[in-house]
(Lines of atoms letter the chains of each structure in order from A and count residues from 1; the text may use other names and numbers.)
(Lines give C-alpha, C1' and ligand atoms only; values in the text may rest on other atoms or scores of the structure.)
Protein backbone atom coordinates (compact mmCIF):
# COMPACT_ATOMS: atom_id res chain seq x y z
CA UNK A 1 0.00 0.00 0.00
CA UNK A 2 1.43 3.36 -1.01
CA UNK A 3 1.26 6.12 1.56
CA UNK A 4 0.79 9.80 0.72
CA UNK A 5 2.61 11.12 3.77
CA UNK A 6 2.41 14.75 2.68
CA UNK A 7 -1.38 14.56 2.45
CA UNK A 8 -1.66 12.51 5.65
CA UNK A 9 0.53 14.91 7.63
CA UNK A 10 -1.47 17.92 6.38
CA UNK A 11 -4.75 16.26 7.40
CA UNK A 12 -3.28 15.29 10.76
CA UNK A 13 -2.13 18.84 11.44
CA UNK A 14 -5.62 20.07 10.50
CA UNK A 15 -7.05 17.92 13.30
CA UNK A 16 -8.55 15.17 11.13
CA UNK A 17 -9.27 12.24 13.45
CA UNK A 18 -9.23 9.73 10.62
CA UNK A 19 -5.75 10.92 9.70
CA UNK A 20 -4.74 10.42 13.33
CA UNK A 21 -6.07 6.86 13.22
CA UNK A 22 -4.18 6.15 9.98
CA UNK A 23 -1.01 7.64 11.48
CA UNK A 24 -1.29 5.50 14.59
CA UNK A 25 -1.81 2.43 12.41
CA UNK A 26 1.38 3.22 10.48
CA UNK A 27 3.36 3.71 13.67
CA UNK A 28 2.14 0.45 15.18
CA UNK A 29 2.71 -1.61 12.05
CA UNK A 30 5.52 -4.15 11.86
CA UNK A 31 5.72 -3.91 8.05
CA UNK A 32 8.95 -2.26 6.86
CA UNK A 33 7.09 -0.06 4.35
CA UNK A 34 4.72 1.19 7.06
CA UNK A 35 7.54 1.80 9.55
CA UNK A 36 9.37 3.94 7.00
CA UNK A 37 6.18 5.89 6.26
CA UNK A 38 5.53 6.28 9.99
CA UNK A 39 9.02 7.67 10.54
CA UNK A 40 8.51 10.14 7.69
CA UNK A 41 5.15 11.16 9.16
CA UNK A 42 6.76 11.85 12.55
CA UNK A 43 9.51 13.89 10.91
CA UNK A 44 6.86 16.06 9.22
CA UNK A 45 4.57 16.66 12.20
CA UNK A 46 6.95 16.77 15.18
CA UNK A 47 8.27 20.29 14.44
CA UNK A 48 4.66 21.52 14.56
CA UNK A 49 3.95 19.96 17.97
CA UNK A 50 4.61 23.28 19.69
CA UNK A 51 4.21 23.10 23.43
CA UNK A 52 2.22 19.87 23.44
CA UNK A 53 2.61 17.59 26.43
CA UNK A 54 2.55 13.82 26.70
CA UNK A 55 1.57 12.39 30.06
CA UNK A 56 1.73 8.74 31.07
CA UNK A 57 -0.61 7.37 33.72
CA UNK A 58 -0.29 3.85 35.08
CA UNK A 59 -1.70 1.80 37.90
CA UNK A 60 -3.18 -1.52 38.88
CA UNK A 61 -6.64 -2.48 37.56
CA UNK A 62 -9.50 -0.76 39.35
CA UNK A 63 -7.46 2.07 40.89
CA UNK A 64 -9.35 4.78 38.95
CA UNK A 65 -7.07 5.60 36.02
CA UNK A 66 -9.94 6.17 33.59
CA UNK A 67 -11.83 8.31 36.11
CA UNK A 68 -8.73 10.40 36.75
CA UNK A 69 -7.96 10.78 33.04
CA UNK A 70 -11.52 11.85 32.31
CA UNK A 71 -11.53 14.43 35.11
CA UNK A 72 -8.12 15.80 34.17
CA UNK A 73 -9.02 15.86 30.48
CA UNK A 74 -12.25 17.75 31.11
CA UNK A 75 -10.42 20.27 33.30
CA UNK A 76 -7.88 20.88 30.54
CA UNK A 77 -10.63 21.25 27.92
CA UNK A 78 -12.48 23.71 30.17
CA UNK A 79 -9.30 25.82 30.12
CA UNK A 80 -9.50 26.02 26.32
CA UNK A 81 -6.99 23.33 25.40
CA UNK A 82 -7.36 20.15 23.37
CA UNK A 83 -6.88 16.63 24.70
CA UNK A 84 -6.27 13.24 23.11
CA UNK A 85 -6.23 10.02 25.10
CA UNK A 86 -4.44 6.93 23.86
CA UNK A 87 -5.13 4.13 26.33
CA UNK A 88 -2.82 1.12 26.05
CA UNK A 89 -2.75 -2.20 27.90
CA UNK A 90 0.90 -3.32 27.93
CA UNK A 91 -0.01 -6.49 29.81
CA UNK A 92 -1.86 -8.04 26.87
CA UNK A 93 -0.52 -11.58 26.53
CA UNK A 94 -1.57 -11.78 22.89
CA UNK A 95 -0.28 -8.53 21.40
CA UNK A 96 2.20 -7.41 24.06
CA UNK A 97 0.32 -4.14 24.25
CA UNK A 98 -3.03 -3.20 22.82
CA UNK A 99 -4.74 0.13 22.30
CA UNK A 100 -7.96 0.16 24.28
CA UNK A 101 -11.33 1.68 23.58
CA UNK A 102 -12.04 3.44 26.87
CA UNK A 103 -14.86 5.50 25.33
CA UNK A 104 -17.31 3.52 27.45
CA UNK A 105 -15.60 4.55 30.68
CA UNK A 106 -14.75 8.12 29.69
CA UNK A 107 -18.09 9.10 28.19
CA UNK A 108 -17.95 12.84 28.96
CA UNK A 109 -14.46 13.09 27.50
CA UNK A 110 -15.19 11.11 24.33
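Numbering (our numbering), first residue to last: 1041 to 1150.
The C-beta atom is built at its ideal place from N, Cα and C for all residues, glycine as well.
Please list, in chain order, all residues of the same chain as residue 1052 whose beta carbon is under 7 angstroms from its beta carbon, the five residues on each side excluded.
1059, 1060, 1063, 1085
What does the alpha-carbon distance come out to for the pair residue 1088 and residue 1099?
31 angstroms
What is the DSSP secondary structure of residue 1128, reduced to helix, strand or coil?
strand
In whole angstroms, what is the alpha-carbon distance linking residue 1125 and residue 1047?
24 angstroms
Could you give the distance in angstroms between the alpha-carbon of residue 1041 and the alpha-carbon of residue 1076?
Any reading at residue 1041 is ruled out, since the residue's pLDDT is 47, under 50, leaving its predicted position unreliable.
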